[in-house]
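Read through the structure below, which is laid out as structure tokens, and then see the notes.
What follows is the structure, given as structure tokens:
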């Protein structure tokens with residue numbers, strides 16, 4: 001069985017940056033998971049004493065707070081600033097951007113459509129910067145019964161598919177005189193998605209490595225599944241089952257933007273073991 | 001043969017307004033045809049002494065100038081203002097809008113994509129208000145080899161199809177961080193297009209009445225032709241041929257946004273005559 005890694009996979013710029021910051025800062029508390037990867041969160045906890053709190057209310061006598069890659073709400077940031085704590089911002093710059101845009105567009109009087117999952121922390125954070133009216137949607141159909149204003153701004157969750165973003169923009173073009181489109185979808189996500197699309201078309205089994213609560217990992221998995229029926233989403237090599245690879249000729253491997261290289265390496269090693277066992 | 005008029009057809013708001021102005025002003029000169037309809041232009045010349053000049057250079061001792069519905073260039077307007085002549089603006093407000101937007105967007109540093117035909121007077125006028133860089137295109141493919149800026153504004157010729165405008169916007173979304181979309185396509189055009197689409201699907205012969213140099217009339221004709229093979233574009237009832245309607249059951253009739261009602265009436269009368277001749 002050929003084992004082939006996607007041309008682009010794994011950690012994005014923002015995640016690499018956040019981990020590096022956390023390792024340097026040490027002994028800090030992150031409000032919510034720093035990145036969406038349980039294994040890496042454990043490693044940072046064990047090796048660098050970076051702990052994960054559920055909310056600002058859980059802060060007790062910590063000296064350093066680190067803001068997660070997905071960002072926090074404007075209100076939480078204000079609360080944090082009032083506490084006696086050093087703040088380190090590990091918000092991905094690609095997430096800070098839509099936050100700033102929402103604030104600026106609100107100041108200029110625009111209501112804002114946010115293409116994203118309203119329960120995702122990134123979207124909660126971005127939405128909190130809208131002071132006019134925010135419409136958080138996953139599908140343009142959610143706007144059908146809404147009386148939209150003459151001018152509107154639109155941003156996207158960084159990990160969404162651009163084709164769906166286009167559908168929303170196309171609908172808004174019919175309803176609003178001005179649509180101010182900010183394509184805030186991240187390049188890294190694009191590249192990982194393009195690479196898995198290509199790889200899944202020539203593979204008869206696909207392994208996608210990443211956090212099961214990671215939006216971009218799930219997106220990669222969905223693309224793989226569309227083109228390769230035998231696609232599996234795993235968090236660690238321990239979940240791999242020998243039977244998945246029986247009689248398979250081409251195994252494609254990719255990983256979400258929050259998946260560290262050391263986990264991918266272990267997955268590849270386990271796959272090589274299956275190969276040896278079968279030869 | 002049933003003769004059916006499209007639910008929406010003919011003169012739009014801007015054209016009705018321009019004709020009314022010309023009739024009131026009288027003895028005026030239009031720089032370029034006031035509207036795209038030769039018959040109506042002749043009527044205004046004969047009944048109200050409104051003449052058509054090819055360019056500003058052709059002005060001699062006229063006292064009144066009337067600006068055509070499609071507008072003129074910013075440069076021509078400046079030239080006109082320097083002459084000893086009263087200026088009456090019959091530019092359609094839906095054309096003035098993209099002119100103003102191009103000026104405003106340029107002032108804010110945006111380059112501007114104009115979806116339209118670069119030889120059309122409306123587009124020439126609109127483009128003249130861009131002081132940064134204007135890209136006049138009919139298809140997004142024309143942008144493929146162009147290095148686009150990070151932020152761009154986009155407007156449309158009023159008579160274009162929104163589906164094609166969307167394709168251009170969708171392409172720009174992939175290439176630019178900000179796309180500021182102004183949907184300057186006119187409602188009247190939409191409505192006439194929707195109505196002819198519906199009518200042509202149930203007709204076995206279609207007559208589209210309008211100027212052969214009118215962009216929106218040609219657009220109506222193309223839509224009709226897609227759904228009804230026997231579609232004809234005529235300027236007056238004199239072009240109608242009895243053979244077109246032989247054995248036909250349902251004749252759809254529509255007219256471009258510059259076609260006056262008195263011409264449509266004559267067409268309908270001629271069609272009724274064919275009906276009588278065949279009965």
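Residue numbers (the UniProt record's numbering), protein chains in the order written: chain L, 1 to 279; chain F, 1 to 279. Backbone N, C-alpha and C fix where the C-beta goes; we use that ideal spot for every residue, glycine too.
I want to verify the contact list: residues of chain L whose CB lies under 9 Å from the CB of residue 138 (chain F), in sequence order.
In chain L, no part has a C-beta under 9 Å from the C-beta of residue 138 (chain F); the shortest such distance is about 18 Å.
Cα separation between residue 1 (chain F) and residue 268 (chain F)?
Near 12 Å, if we compare the C-alpha coordinates of residue 268 (chain F) and residue 1 (chain F).
Rounded Cβ spacing between residue 14 (chain F) and residue 102 (chain F) (contact assumed at less than 8 Å)
Not confirmed; about 18 Å, so no contact.
How far does the alpha helix (DSSP H) with residue 102 (chain F) in it extend, from its first residue to its last?
Looking at the DSSP string, the run of the alpha helix (DSSP H) that includes residue 102 (chain F) is 93-107.
Would you say residue 115 (chain L) faces chain F, with C-beta separation under 9 Å as the test?
Judged by the 9 Å Cβ criterion, residue 115 (chain L) is not in contact with chain F.
Rounded distance between the beta-carbons of residue 172 (chain L) and residue 329 (chain L), thought under 8 Å:
Outside the displayed range of chain L (1 to 279) lies residue 329 (chain L), so it cannot be described from this structure.
Looking at C-beta atoms only, is the number of pairs between the segment 258-268 of chain L and the segment 42-51 of chain F that lie closer than 8 Å three or more?
Contact between the segment 258-268 of chain L and the segment 42-51 of chain F is not established, with fewer than three Cβ pairs separated by less than 8 Å.
Segment contact flag, the segment 17-29 of chain L with the segment 101-121 of chain L, C-beta cutoff 8 Å, min 3 pairs:
Here the segment 17-29 of chain L does not lie against the segment 101-121 of chain L, with fewer than 3 beta-carbon pairs under 8 Å apart.
Over the uninterrupted alpha helix (DSSP H) stretch that includes residue 163 (chain L), give me the two end residues.
Judged by DSSP secondary structure, residue 163 (chain L) falls within the alpha helix (DSSP H) whose first and last residues are 162-175.
Supposed contact pair residue 87 (chain L) and residue 81 (chain L) - C-beta distance, whole angstroms, cut 8 Å
Correct: roughly 7 Å between the Cβ atoms.
What would DSSP say about residue 280 (chain L), mapped onto helix, strand or coil?
This structure cannot settle anything about residue 280 (chain L), because the visible part of chain L is limited to 1 through 279.
Between the beta-carbon of residue 345 (chain L) and the beta-carbon of residue 233 (chain L), is there less than 9 Å?
An answer regarding residue 345 (chain L) cannot be provided, because it is not within the stretch 1 to 279 covered by chain L.
Of all the residues that make up the segment 98-129 of chain F, which are near chain L by a beta-carbon distance shorter than 9 Å?
So the list reads 101, given in the order they occur along the chain.
Answer yes or no: does any C-beta atom of chain L fall closer than 9 Å to that of residue 197 (chain F)?
Chain L contact via Cβ: absent.
Kindly indicate the opening and closing residues of the alpha helix (DSSP H) around residue 126 (chain F).
Counting along the chain, the unbroken alpha helix (DSSP H) around residue 126 (chain F) starts and ends at 121-127.
Which word fits residue 157 (chain L), buried or exposed, when buried means at least 16 other C-beta atoms lie within 10 angstroms of its C-beta?
It counts as buried.
Cβ of residue 141 (chain L) less than 9 Å from any chain F Cβ?
No, no contact with chain F.
Contacting positions in the segment 180-196 of chain L - beta carbon closer than 7 Å to chain F
So the close ones are 180, 181, 182, 183.
Could you check if residue 109 (chain L) is buried or exposed, using at least 16 other CB atoms within 10 Å of its CB as the buried criterion?
By the Cβ neighbour-count rule, residue 109 (chain L) is exposed, with fewer than 16 other Cβ atoms within 10 Å of its own.
Hey, how far is the Cα of residue 254 (chain F) from the Cα of residue 145 (chain F)?
Going from the Cα of residue 254 (chain F) to the Cα of residue 145 (chain F) covers about 40 Å.
Using only alpha-carbon positions, find the residue among F:237, F:200, F:243, F:220 that is nearest to residue 252 (chain F).
Ranking the options by Cα distance to residue 252 (chain F), first place goes to F:200.
Work out the CA separation of residue 127 (chain F) and residue 19 (chain F) for me, nearest whole Å.
Looking at the two C-alpha atoms, the distance is approximately 25 Å.
Write down every uninterrupted run of the beta strand (DSSP E) in the segment 5-91 of chain L whose length is 3 residues or greater and which is fully enclosed by it, in chain order.
Taking 3 residues as the minimum length, the beta strand (DSSP E) runs contained wholly in the segment 5-91 of chain L are 29-31, 51-53, 64-67, 86-89, in order along the chain.
Beta carbon proximity, residue 178 (chain L) to chain F, threshold 9 Å
With 9 Å as the cut-off, residue 178 (chain L) counts as an interface residue toward chain F.
DSSP beta-bridge partners for residue 182 (chain F)?
Under the DSSP definition of a beta bridge, residue 182 (chain F) partners with L:178.
Could you check if residue 215 (chain F) is buried or exposed, using at least 16 other CB atoms within 10 Å of its CB as the buried criterion?
Label assigned to residue 215 (chain F): buried.
DSSP beta-bridge partners for residue 1 (chain L)?
According to DSSP, residue 1 (chain L) bridges with nothing at all.
Determine whether the beta carbon atoms of residue 272 (chain F) and residue 3 (chain F) lie at a separation below 9 Å.
Yes, Cβ-Cβ distance for residue 272 (chain F) and residue 3 (chain F) is below 9 Å.
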